[in-house]
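The listed protein sequences correspond, in order, to chains A and B.
Going by my numbering, the first residue of the first sequence is number 62, and it counts up by one from there.
Going by my numbering, the first residue of the second sequence is number 62, and it counts up by one from there.
Every residue gets a Cβ at the ideal spot worked out from N, C-alpha and C, and that includes glycine.
In what follows, a structure is listed as structure tokens, so that the remarks can point back to it.
Protein chains: 2
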Amino acid sequence: MFELDRYLKQRSALVERLLDAAVPRSEGPSARLDEAMRYSLLDGGKRLRPILALAACEAVGGGIDDAAPFACAVEMIHTYSLIHDDLPCMDDDDLRRGRPTNHKVYGEALATLAGDALLTDAFAVLARSPLVERAPALVVQTIAELAEAAGSRGMVAGQVIDLLGEGRAMELAELEYLHGRKTGALFVASVRGGARLGGASAAEMESLSVYAKALGLCFQVVDDILDVEASTEQMGKRTGKDQAHGKNTYPGLLGLERSREFARELSRRAVAALANFDERAEPLRALAAFVVERKL
Amino acid sequence: MFELDRYLKQRSALVERLLDAAVPRSEGPSARLDEAMRYSLLDGGKRLRPILALAACEAVGGGIDDAAPFACAVEMIHTYSLIHDDLPCMDDDDLRRGRPTNHKVYGEALATLAGDALLTDAFAVLARSPLVERAPALVVQTIAELAEAAGSRGMVAGQVIDLLGEGRAMELAELEYLHGRKTGALFVASVRGGARLGGASAAEMESLSVYAKALGLCFQVVDDILDVEASTEQMGKRTGKDQAHGKNTYPGLLGLERSREFARELSRRAVAALANFDERAEPLRALAAFVVERKL
């Protein structure tokens, strides 16, 4: 029987160590920048994306060392997006993972620059991956997909659609399009990148894409549900803000009960996509159950 | 006799076409993002960094097609840095290249996101370079150096030192350290990246690094001089602001006359570094003269 709790604890500790080494403290005149980057990067997030990247690498028989720099890069990009999202000109949030947001501590200028630096350094970490010696083409391909997932056709596009869509009711298809970019693209890139660096076949890449797409959407539907149901204390960030901001959400569109059912359906769909994988995909299966049951 | 004027006109027109193709207009719900990116990217800047990249590629005998995606990436990163620099929480500028700054037209949120997207897409453009088929290792190495030049140990560090140093008098060595990061790092990466993709030898890379370092500093000294001497109309951006912001500058530290002499000395140093190059380096030599004589 696979023990997800223990697995998550071990893997998030590993990711924490990798991130700590990837963004070291410096002594020079820009030490405050490193401090701001590390403040948001090493704050004990769930590390879902890097854990998915490592799990996908193992599911196809790869060794996690080959995917470790990539896992760091993914979490650095996720963290930059949170720092910029929280800025006063964006969602204007002052609480994240139970602590003051980056700009509350370091000011808006430094928070903007810390986000910029995390995004940029992510590509350096990935391009300096030891795997480059053996398989430079795999690394370039992974960089390309990650940049596309995070850029103007992926995550940033999702942010813009979300921003421009506030206060205007969306159809279900439009909401799915938005989340496919805002959350889904980075989930898919995390899983595909980990698998590619682990030596996945084309058929494995295909199945894992279906898995990751369903899982990413599932994650977002649950996020929307938790924003309605959970308290600020439980979540460590301000909740109930989607409605206050006139944001489009699944509970807003489908109601809570149908949203819960939709999330369970997406989780089942993710697991079904792994039918041809052996027991090495057990963590990915367990993660699909975890995402739908999570309370924060 | 090499005609720099005609060369610059041809090359900046080429860069404009490359950039136009690299960041296409889209039709979807995030079309406004593309518009914001293109507003700042296609505004007829000097294109000095991509022109340097292409010239360095040719100076070592490469064909410019191999460096074209890299040249785009460099200018996209430069443009993102200008958009974020101009934000109210940073330099709070409302004029750039004779037009309202990005956030004045699109608002702060979209300007922040347009910068994020240009930075991210730059790596996608580079990683999708056709050269990947023939030389993936060269492309990864170029990505690594570019990300390092732009990230927390390079350009962003320079920004932070500049920001934290406002109103505090710096020594000359400190000012050089600042500019080595804020402007110099991207100059050096532009020249080195173009040369690497053109097939440069280790010795050529070494000479070109010396060239680029001197040229980058020269560019910054002249920038400081123009901020004192030129009018807002000439420059297309607000001038005289360094002193108003309590910024550390070369004229502030050395006086105008010694700053001019220092700039000329740096330009000579850049040209001297190219002693072992043949006539294919003529554009690089002419660019070193141009940078010190430029009026905007």
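Less than 8 angstroms separating the beta-carbons of residue i and residue j?
i                      : j                      : result
residue 289 of chain B : residue 317 of chain B : yes
residue 176 of chain B : residue 139 of chain B : no
residue 173 of chain A : residue 148 of chain A : yes
residue 251 of chain A : residue 347 of chain A : no
residue 93 of chain B  : residue 236 of chain A : no
residue 185 of chain A : residue 205 of chain B : yes
residue 141 of chain B : residue 179 of chain B : yes
residue 328 of chain A : residue 305 of chain A : no
residue 76 of chain B  : residue 111 of chain B : yes
residue 100 of chain A : residue 193 of chain A : no
residue 337 of chain B : residue 268 of chain B : yes
residue 197 of chain B : residue 90 of chain A  : no
residue 151 of chain B : residue 213 of chain A : no
residue 282 of chain B : residue 324 of chain B : yes
residue 227 of chain B : residue 307 of chain B : yes
residue 208 of chain A : residue 188 of chain B : yes
Report back the beta-carbon spacing between residue i and residue j to the nearest angstrom; my notes put them in contact at under 8 angstroms.
i                      : j                      : result
residue 215 of chain B : residue 132 of chain B : With a Cβ gap of about 18 angstroms, residue 215 of chain B and residue 132 of chain B do not count as contacting.
residue 160 of chain B : residue 104 of chain B : 6 angstroms
residue 320 of chain A : residue 284 of chain A : The Cβ separation is near 11 angstroms, so there is no contact.
residue 201 of chain B : residue 200 of chain A : 5 angstroms
residue 108 of chain B : residue 64 of chain B  : Contact flag wrong, Cβ pair sits at about 17 angstroms.
residue 18 of chain A  : residue 84 of chain A  : Any question about residue 18 of chain A goes unanswered here, given that chain A covers just 62 to 357.
In the DSSP assignment, what residue or residues form a beta bridge with residue i?
i                      : result
residue 157 of chain A : A:160
Take residue i and list the residues in its own chain whose beta-carbon comes closer than 7 angstroms to its own, dropping the five residues that flank it on each side.
i                      : result
residue 106 of chain B : 158
residue 272 of chain B : 252, 331, 334, 335, 345
residue 183 of chain B : 134, 137, 138
residue 243 of chain B : 216, 219, 220, 223
residue 125 of chain B : 115, 118, 119
residue 265 of chain A : 121, 256
residue 341 of chain B : 119, 120, 122
Apart from the five residues on each side of it in sequence, which residues of its chain come closer than 6 angstroms, Cβ to Cβ, to residue i?
i                      : result
residue 303 of chain A : 288, 310
residue 298 of chain A : 156, 157
residue 246 of chain B : 210, 215, 216
residue 339 of chain A : none
residue 73 of chain A  : 108
residue 87 of chain B  : 95
residue 294 of chain A : none
residue 62 of chain A  : none
Excluding five sequence neighbours on each side, which residues of the same chain lie with their C-beta closer than 8 angstroms to the C-beta of residue i?
i                      : result
residue 233 of chain B : 314, 315
residue 248 of chain B : 110, 113, 273, 274, 276, 277, 280
residue 68 of chain B  : 344, 347
residue 102 of chain A : 80, 84, 136, 137, 140, 179
residue 270 of chain A : 249, 252, 253
residue 9 of chain A   : An answer regarding residue 9 of chain A cannot be provided, because it is not within the stretch 62 to 357 covered by chain A.
At a threshold of 7 angstroms, does residue i count as lining the ligand FAD (C-beta to nearest heavy atom)?
i                      : result
residue 168 of chain A : Within the structure as shown, the ligand FAD is missing, as the structure has no ligands at all.
Taking any Cβ of chain A, which residues in the stretch 188-205 of chain B have a Cβ under 8 angstroms from it, in chain order? 188, 189, 193, 197, 198, 200, 201, 202, 204, 205
Using Cβ-Cβ distances below 8 angstroms, what residues of the stretch 80-94 of chain B are close to chain E? Of the chains in the structure shown, none is chain E; the protein chains are A and B.
Under 8 angstroms, CB to CB, which of the residues in the stretch 252-285 of chain A have a partner in chain B? none
Under 9 angstroms, CB to CB, which of the residues in the stretch 107-130 of chain B have a partner in chain A? none
May I ask you to list, following chain order, the residues of the stretch 291-323 of chain A that have a beta carbon less than 7 angstroms from some beta carbon of chain B? Correct list: empty, as no residue qualifies.
Cβ-based contacts, 9 angstroms cut-off: residues of the stretch 220-237 of chain B near chain A: 220, 221, 222, 224, 225, 226, 235
Identify each residue in the stretch 176-188 of chain A for which the Cβ-Cβ distance to at least one residue of chain B is less than 9 angstroms, and report them in chain order. 176, 177, 178, 179, 180, 181, 182, 183, 184, 185, 186, 187, 188
Cβ-based contacts, 7 angstroms cut-off: residues of the stretch 206-217 of chain A near chain B: 208, 209, 211, 212, 213, 217
To be precise: take each residue of the stretch 158-172 of chain A, compare its Cβ to all Cβ atoms of chain B, and keep it if any distance is under 8 angstroms. Which residues remain? 168, 169, 170, 171
For the stretch 342-356 of chain B, enumerate the residues whose C-beta is nearer than 7 angstroms to any C-beta of chain A, in chain order. none
Mind listing which residues of the stretch 241-252 of chain A have their C-beta closer than 9 angstroms to chain B's C-betas, in chain order? 242
With 9 angstroms as the limit, tell me which residues of the stretch 131-151 of chain B have their beta carbon closer than that to any beta carbon of chain A; keep them in chain order. 138, 141, 142, 145, 148, 149, 150, 151
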